[in-house]
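Presented below is the structure to which this report refers.
2 protein chains.
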Amino acid sequence: MRISVIQFNPLIGHVESNAQRIIAQSTACRDRGFDLVVFPELALCGYPPLDLLESENLVTNCLQWASHIAQQTSGIDIIFGMPLKNPESFGKSLLNGACRTADGQVQQYWAKTLLPDYDVFDEGRYFAPAPPNFNQLCSLGGVRIAVSICEDIWYESLNHLYQRDPLDDGLYAQADWILNISASPFQMGKESLRHTVLSAVSRRLNKPLLYVNTCGAQAELIFDGGSACYDLNGNKIASLPCFEANEAELTWSSGTWLAGVGWLSREEEDAAADVTGGSFSDIGSSDQVQCRDTRFQAQDAGDSEHELGQLRSALVLGIRDFFSKQHLTKAVVGLSGGIDSALVTVLATEALGSDRVTAILLPSPYSSAHSVEDSLELAGRLGVQCIQIPIHDAFSAHKESLEQAFGRPLGDLTEQNLQSRIRCAMLMAAANEWGAVLLNTSNKSEMSVGYGTLYGDTSGALSVLGDLFKTRVYRLARYINRSHGLIPDHIIEKAPSAELKPGQTDSDDLPPYAMLDAILELYVEKGKDPEYLIDLGFDAHWVNRIIRMVDACEFKRFQSPPVLRVTEKAYGRGRVMPLVGKYVH
Amino acid sequence: MRISVIQFNPLIGHVESNAQRIIAQSTACRDRGFDLVVFPELALCGYPPLDLLESENLVTNCLQWASHIAQQTSGIDIIFGMPLKNPESFGKSLLNGACRTADGQVQQYWAKTLLPDYDVFDEGRYFAPAPPNFNQLCSLGGVRIAVSICEDIWYESLNHLYQRDPLDDGLYAQADWILNISASPFQMGKESLRHTVLSAVSRRLNKPLLYVNTCGAQAELIFDGGSACYDLNGNKIASLPCFEANEAELTWSSGTWLAGVGWLSREEEDAAADVTGGSFSDIGSSDQVQCRDTRFQAQDAGDSEHELGQLRSALVLGIRDFFSKQHLTKAVVGLSGGIDSALVTVLATEALGSDRVTAILLPSPYSSAHSVEDSLELAGRLGVQCIQIPIHDAFSAHKESLEQAFGRPLGDLTEQNLQSRIRCAMLMAAANEWGAVLLNTSNKSEMSVGYGTLYGDTSGALSVLGDLFKTRVYRLARYINRSHGLIPDHIIEKAPSAELKPGQTDSDDLPPYAMLDAILELYVEKGKDPEYLIDLGFDAHWVNRIIRMVDACEFKRFQSPPVLRVTEKAYGRGRVMPLVGKYVH
Chain P
0 MRISVIQFNP LIGHVESNAQ RIIAQSTACR DRGFDLVVFP ELALCGYPPL
50 DLLESENLVT NCLQWASHIA QQTSGIDIIF GMPLKNPESF GKSLLNGACR
100 TADGQVQQYW AKTLLPDYDV FDEGRYFAPA PPNFNQLCSL GGVRIAVSIC
150 EDIWYESLNH LYQRDPLDDG LYAQADWILN ISASPFQMGK ESLRHTVLSA
200 VSRRLNKPLL YVNTCGAQAE LIFDGGSACY DLNGNKIASL PCFEANEAEL
250 TWSSGTWLAG VGWLSREEED AAADVTGGSF SDIGSSDQVQ CRDTRFQAQD
300 AGDSEHELGQ LRSALVLGIR DFFSKQHLTK AVVGLSGGID SALVTVLATE
350 ALGSDRVTAI LLPSPYSSAH SVEDSLELAG RLGVQCIQIP IHDAFSAHKE
400 SLEQAFGRPL GDLTEQNLQS RIRCAMLMAA ANEWGAVLLN TSNKSEMSVG
450 YGTLYGDTSG ALSVLGDLFK TRVYRLARYI NRSHGLIPDH IIEKAPSAEL
500 KPGQTDSDDL PPYAMLDAIL ELYVEKGKDP EYLIDLGFDA HWVNRIIRMV
550 DACEFKRFQS PPVLRVTEKA YGRGRVMPLV GKYVH
Chain G
0 MRISVIQFNP LIGHVESNAQ RIIAQSTACR DRGFDLVVFP ELALCGYPPL
50 DLLESENLVT NCLQWASHIA QQTSGIDIIF GMPLKNPESF GKSLLNGACR
100 TADGQVQQYW AKTLLPDYDV FDEGRYFAPA PPNFNQLCSL GGVRIAVSIC
150 EDIWYESLNH LYQRDPLDDG LYAQADWILN ISASPFQMGK ESLRHTVLSA
200 VSRRLNKPLL YVNTCGAQAE LIFDGGSACY DLNGNKIASL PCFEANEAEL
250 TWSSGTWLAG VGWLSREEED AAADVTGGSF SDIGSSDQVQ CRDTRFQAQD
300 AGDSEHELGQ LRSALVLGIR DFFSKQHLTK AVVGLSGGID SALVTVLATE
350 ALGSDRVTAI LLPSPYSSAH SVEDSLELAG RLGVQCIQIP IHDAFSAHKE
400 SLEQAFGRPL GDLTEQNLQS RIRCAMLMAA ANEWGAVLLN TSNKSEMSVG
450 YGTLYGDTSG ALSVLGDLFK TRVYRLARYI NRSHGLIPDH IIEKAPSAEL
500 KPGQTDSDDL PPYAMLDAIL ELYVEKGKDP EYLIDLGFDA HWVNRIIRMV
550 DACEFKRFQS PPVLRVTEKA YGRGRVMPLV GKYVH
């Protein structure tokens, strides 16, 4: 049996275009002699469709297009994910389903049993679990396939989050192999977690397994693909390259997989995934983590070269799809001379091309000369257009009008925020003028503690680095420089500063980033309580102060741009905190 | 049995302060000879606690404070909502529970069975349903009470959204009366819906019913209270005034309710709830709804005086609690001369007092003289401080710097947005300078079609009118003027204009508000597809154009402030749309 595995990149809500691409790719496979084409979870409507599912039209549309796909693709079997109507008389009205078409008709439906309802997932909002006996074996030319959807194979790894394990269903024991179609987003460390789960499932069921994942970005969520096939002992036979929407040939023969063109063998993958770690505290020896306990350092000793490469690919894909799927053509970045905006400009240029990125320098009375020089140097190396819009005059005009109205000089904080907001107005004017889109340059450390001005530097259509702590921003910048040397050394080496008053550096207002990020990672990403951090050896004063800062700026994050998600807990829809109230830990 | 019903207004996350208030109110009731005090759903941690529930500390804290409440309140029974740990070995780790304390100890726990997972509700994210046989009758001095939590009595009204009706449980048949503790938010029309449900439940079970609802606002959600008691035939005996966190005495005697001090009798309530409707299209005869079908007009023929009074109370409570719960003292409103900012200033003054509101006029070269005059007149009538900060100079300075950088004059749209963003920077500077908070003045019609400038007039800490279409803004302003005459007639009567270029009015860019709002209400609030609207008789060109506008500005709404929710579908967490993709209806 010759199978074509498609790491599909759907356009959410545009059923017609997704269907047309399914038809085109499937008929091409049929003409090349394939027996089966497999697309990922909800390929027909895109994942996550969110409240578009509340439009009755969407599901009706999907059902009509599924029939149309069947009619247009006689001669080959296709399996693809799509929403279905729940046949039961109670519960949510939809199922997160899949169908098989063949011989001009829809032949079979399946539905997901375990519906994730945590972090960025809210499938319980829309879907009912598969009704009893809804899922049956798929029999294809004598080969019996058990079809599962994403979360359905994650029961054991999720610590009894669900009542029953769908893999206990007798149909899995009767299958020749297991198919899992997914829409599983990327995050740092997900690759090895996913391998652990897939390996354990194939070993436990003692069945070969084919995993087909979505590839492509949908605003915050970046789907990395990484489709793979496993033997019945849990060994990975081959996998598809991540972050590329591609297709590859797989043959099922004599009870085993033969990976064709497009696959990476296990050996090739291992060679790519060098596991050499960096150092956690690589932004200066004075920034050692103030923690007596070695557990934390051991746990996050930095990202490996492979992980940093994945991170870069994820962010580039995130930017590229955000633009291409919305038919946006041009990006604007405010280049401050600091590392965050430098890295965003590098990533945007890689994603969109240098002709579609414009860097804007917005010097103020407090900008250092080197900030302008460094920025011009970076823009030159990248080959992006670079213009300067000084904010002196606008700042003076605002200041005068305000001071006249208030009858007194502006306060220090007011002046700092004002500069940031004037820059936002200038950047947005440039974006308006050119039909471009502003990229946000805030990092996760700043977003966490509220070190940013609402309607100022927190603005932008997409936050590229909002899920990277500052220490990781440095690691990624150094990683990119090791191969390309794009970012002037001075941008990386100098002390971080907002340059909103004379001689200001971030360390005037914030603790050292190495300590800040270590505490933030445990509190925000791992969900640990302050007692746990203090017990680990972190200084209680800093722990409590930092956590108070995080809790106090929910109102800023509420109005933040969408953040490209690269960790297990990003700001945005995966972390929903009350705005009003008092958090007592 | 003497019962004290408490329409509690909790502070989310501050378990200690909620517990101390439960203790204080309960001991006062005990000292006055009461037998039982009842608090609403999740009174101990506040509703909705959202991802605070992911902190293990929160539940541990609640369990400790429940014991402490019991110890401090010997001599009286107390029932209050709180999160519990799920005793089952699978599923979500928490229950949405309640407990009864008496004689120094926690005596009994209950848990919610039906967990709403739609609109603004996401209880499936956190809670497991009540385990089998977890809920038992409460026996108090020989009186048997069946305790239910909010959604548990809504099964029949929700069209089989859930598999089983908890009211089919035998314990309801054995009870003398039914208790329902709720955290059920206000929306237009909710009062009569709630009455229908409560009446049907008591009638069907043939049992008297006591409904105890939360009162108070939690950012977007406004809980209106409206606690009530019903006899076994579904007749409402009495209810508590809405929008006031108050307590009232109820006696259970000889199988029936005796309502004491604090209750409104059915007759008093009916007198208050005059049902005279206004006219849908009351902003000018040229704005008649372009719809041949009478169904729509019949359905929304305007809001009654009673409904407008509720709306006003809801918004005032929403503003007041947003400020008081965050210890915010001062509000800033940008007064444009238009009806939206006028109404926000009136409501803010009612909520906070005239000494805590400052109106700021930000005239531009395109502002009309009457806009300034009307604004000064309004501020004078309200007695609020009013200052002027002209934006001419800042606008010229921005424009010059930008035109020099671009080498050409700014485009029309860029100039309009720039004025709006300069106003935002000025307003935020004033807020920074005074430790105040900016109130947003956008209405739902503008938010729907993207008629607003991101980081300009879409900014603010709280959107007061973001869930009121423009026609409803007019109705509410006229309602307030009928009793108080606060808003100068000219503000209400003149043609709406953004005043961002000479002679501009909203009708240059937008369809008439009566038609716009009718289409938006069906599409956004009722979730109807375009075919349905066209079938109703709306012009297909306008339907498609307006829906395209709504779909195209998800990116603006993504970064909007929290919106006070007053309808069944407000922008915010209750409406989650993909940012990237193409909606094909």
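These protein sequences, in sequence, are chains P and G.
Quick note: the first sequence uses numbering that gives the first Met the number 0, first residue 0, plus one each step.
Quick note: the second sequence uses numbering that gives the first Met the number 0, first residue 0, plus one each step.
Idealized CB from N, CA, C, for every residue including glycine.
Output yes or no for whether 8 Å exceeds the beta carbon distance between P/L334 and P/S374.
yes
Between the segment 222 to 235 of chain G and the segment 544 to 557 of chain P, do three or more beta carbon pairs fall short of 8 Å?
no
Minimum C-alpha distance to G/A23 - residue among G/G12, G/I5, G/D230
G/I5
P/Q107 versus P/N95: straight-line alpha-carbon distance, rounded
14 Å
Going by the CB atoms, is the gap between P/M425 and P/L361 shorter than 8 Å?
yes
So G/K469 and G/D538 are supposed to be a Cβ contact under 8 Å. How far apart are they, rounded?
Not confirmed; about 19 Å, so no contact.
Given this structure, state the Cα-to-Cα distance separating G/L239 from P/L10, to the nearest angstrom.
50 Å
Just to confirm my understanding: we take P/A218, look at its own chain, exclude 5 residues before and 5 after, and list those with CB closer than 6 Å. What are they?
P561
Should G/I77 and G/A97 be called a contact, given that it needs their Cβ atoms to be closer than 8 Å?
no
Which residues does DSSP pair with G/T255 in a beta bridge?
G/S252
Taking Cβ-Cβ distances shorter than 9 Å, what residues in chain G pair up with P/M427?
T413, N416, L417, R420, T452, L453, Y454, G455
For P/M81, return the contacting residues in chain G, with the cut-off set at a CB-CB distance below 8 Å.
Per Cβ cutoff of 8 Å: no residues; P/M81 is ~15 Å from chain G at best.
What is the rounded straight-line gap between the Cα of P/E268 and the Cα of P/Y473?
26 Å
Excluding the 5 residues preceding and the 5 following G/G449 in the sequence, name in chain order all residues of the same chain whose CB lies nearer than 7 Å to its CB.
M548, A551, C552, K555
Measuring from the CB of G/P240, is there a heavy atom of the ligand FAD at a distance below 7 Å?
This structure does not include the ligand FAD; it has no bound ligands of any sort.
Whole angstroms is fine: what's the gap from G/G585's alpha carbon to G/M514's?
Residue 585 of chain G falls outside the range modelled here, since chain G spans only 0 to 584, and no answer is possible.
P/I68 versus P/R471: straight-line alpha-carbon distance, rounded:
45 Å
Do the CB positions of P/Y46 and P/T213 come within less than 8 Å of each other?
yes
Kindly indicate which three-state DSSP category P/F120 falls into: helix, strand or coil?
coil
DSSP-derived helix/strand/coil call for P/G571:
strand
Excluding five sequence neighbours on each side, which residues of the same chain lie with their C-beta closer than 8 Å to the C-beta of G/K398?
L409, E414, L417
Who are P/Y229's beta bridge partners in DSSP?
P/L208, P/K235
For P/Q217, does the three-state DSSP call read helix, strand or coil?
strand
Taking the alpha helix (DSSP H) that G/Q63 belongs to, which residues open and close that run?
55 to 71
Proximal residues to G/I545 (C-beta, below 6 Å), its chain only, five neighbours per side dropped:
I518
Have a look at G/G379 and G/C385 and give me their C-alpha separation to the nearest angstrom.
8 Å
Kindly list the residues whose CB is nearer than 8 Å to the CB of G/H13, restricted to its own chain and excluding five residues on each side of it in sequence; keep chain order.
G45
Proximal residues, the segment 217 to 242 of chain G versus chain P, C-beta separation under 9 Å
Q217, A218, E219
Return yes when the Cβ of G/F405 is within less than 8 Å of the Cβ of P/E432, no when it is not.
yes
Which term fits P/T255, buried or exposed, when burial requires 16 or more other beta carbons within 10 angstroms of its beta carbon?
exposed
If we count the other Cβ atoms within 10 Å of its Cβ and call it buried at 16 or more, is P/S278 buried or exposed?
The predicted position of P/S278 is uncertain, since its pLDDT is 32 and thus under 50; a value taken from the coordinates is nonetheless stated next. P/S278 is exposed by the Cβ-count criterion.
Against chain P, with Cβ distances strictly below 8 Å, would G/D354 count as a contact?
no
Going by Cα to Cα distance, which pick from P/N56, P/P495, P/Q71, P/L52 is closest to P/D30?
P/Q71
Report yes or no: is there a C-beta of chain G within less than 8 Å of the C-beta of P/P577?
yes
Within-8 Å CB hit, P/D121 to chain G
yes
Buried or exposed: G/D534, going by 16 or more other Cβ atoms within 10 Å of its Cβ?
exposed
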